Amino acid sequence: VENGVAYFAAGWHAKTNDGIHVYAMNPFTGKVLWEKRVDNRKPETWYDNHTNDLLISDGKSLFMCQLMFDLKSGKKSRTWFKKDKKYKHRYLLSGQGRDTSAVIPFGFLYDRKDGARLQRYHSTHWYYRGAKGLLLALTQDRVFGVTTSRKIRPNWELFARRFDDAARPRLGGEMSKDAYLWSEKAPAGTLALLPAGKILLTAGPENKAESTGGMLRSYSAKDGSKLSELRFDDAPV
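Take 1 as the starting number for the sequence shown in the UniProt record's numbering and just add one per residue.
Now the structure itself:
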């Protein structure tokens with residue numbers, strides 16, 4: 001619900017015969033204010049992975065995965081479209097190329113555990129103001145995250161950095177290393193991340209063969225040093 005209007009979507013996938021229908025409705029009268037269909041008839045508003053997903057709004061536009069709808073008219077557009085080599089909408093974007101979008105391309109309902117296995121497929125990562133990770137958690141002046149890379153085997157990393165616009169840019173527009181504060185090795189499979197004042201909490205599986213338990217770990221938000229850990233019988237979901 002945004003500004004007294006209810007927004008919702010019906011349908012499973014844009015490739016189905018009926019596509020996905022997005023509605024704006026007066027919640028008090030049930031009057032439909034606008035209805036837009038998502039299908040593959042227009043390439044500028046089509047992406048092969050259009051599935052129904054949670055809707056979010058910034059107060060000006062409505063977003064469903066990579067689609068953006070005008071709140072008043074329902075006019076839809078993609079947050080990026082590479083046919084003309086230009087991005088259609090930039091204010092929520094960071095980074096470059098196919099790995100940028102207003103919302104994670106696979107949507108909020110995508111199974112993050114599957115995404116974590118695709119270590120080098122960066123489209124499954126969150127992006128915000130220069131930071132990239134499978135998990136991101138924000139405070140007023142910095143962002144904490146969990147990310148992965150793969151050489152011989154996956155390497156999980158816990159990091160802290162300033163937002164790009166708070167760091168000093170180099171000549172040519174590149175961000176300096178001032179943005180990065182620290183990074184430490186993180187347990188594989190970390191599923192939750194929460195900053196709490198001077199402490200940073202993570203949660204995930206115990207990381208032992210045939211174990212079904214979970215582990216809550218605490219780190220120093222200042223330098224990433226590990227403080228403590230607490231085992232649970234069940235892994236977090």
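Ideal placement from N, C-alpha and C gives every residue a C-beta, glycine not left out.
In this text the structure is predicted, and so the values were computed from the model without any measurement.
- Message: So within the segment 1 to 78, which uninterrupted beta strand (DSSP E) runs reach at least 3 residues, ignoring any that extend past its ends?
- Response: 6 to 10, 20 to 25, 32 to 38, 61 to 64, 67 to 70, 76 to 78
- Grouping DSSP H, G and I as helix and E and B as strand, with all else coil, what is A235? coil
- Query: Going along the chain, which residues of its own chain have a beta-carbon closer than 8 Å to the beta-carbon of E157, five neighbours each way excluded?
  - Reply: V146, T147, T148, S149, S183, E184, K185, A186
- Please name the residue in D39, L62, V1, F69 whose C-alpha comes closest to that of W12. D39
- Item | Helix, strand or coil at K222 [DSSP, three-state] | coil
- When the Cα of D53 is compared with those of R161, N26, C65, M215, which residue comes out closest? C65
- Distance between P27 and S61 (C-alpha atoms, nearest Å): Answer to the nearest angstrom: the Cα atoms are 19 Å apart.
- Query: Comparing alpha-carbon positions, which option in K15, N3, N17, M25 lies nearest A9?
  - Reply: M25
- Residue environment, G59, which counts as buried when at least 16 other CB atoms sit within 10 Å: G59 is exposed by the Cβ-count criterion.
- Message: Alpha carbons only, please: which of R161, E35, E229 is nearest the one belonging to K132?
- Response: R161
- Message: Distance check for D70 and K76, CA to CA, integer angstroms please.
- Response: 6 Å
- Query: Any idea what DSSP makes of A137, helix, strand or coil?
  - Reply: If DSSP states are grouped into helix, strand and coil, A137 belongs with the strands.
- Item | Through-space distance from V1 to L193, alpha-carbon basis | 28 Å
- Kindly indicate which three-state DSSP category A179 falls into: helix, strand or coil? In the structure shown, A179 sits in a helix (DSSP, three-state: H, G or I).
- Contact check, P205 vs F144, beta carbons under 7 Å: Taking 7 Å as the Cβ cut-off, P205 and F144 do not qualify as a contacting pair.
- From which residue to which residue does the beta strand (DSSP E) around P205 run? 199 to 205
- Residue closest to A221, alpha-carbon to alpha-carbon, out of T212, G19, L138: L138
- Item | Close Cβ partners of R231 (< 7 Å) along its chain, the five nearest in sequence each way excluded | E206, G213, M215
- How would you call L227, buried or exposed, if buried means at least 16 neighbouring beta carbons within 10 angstroms? exposed
- Message: Between T190, R142, P236, G189, which has its C-alpha nearest D223's C-alpha?
- Response: R142
- Message: For F163 and I20, what's the separation of their Cα atoms in angstroms?
- Response: 36 Å
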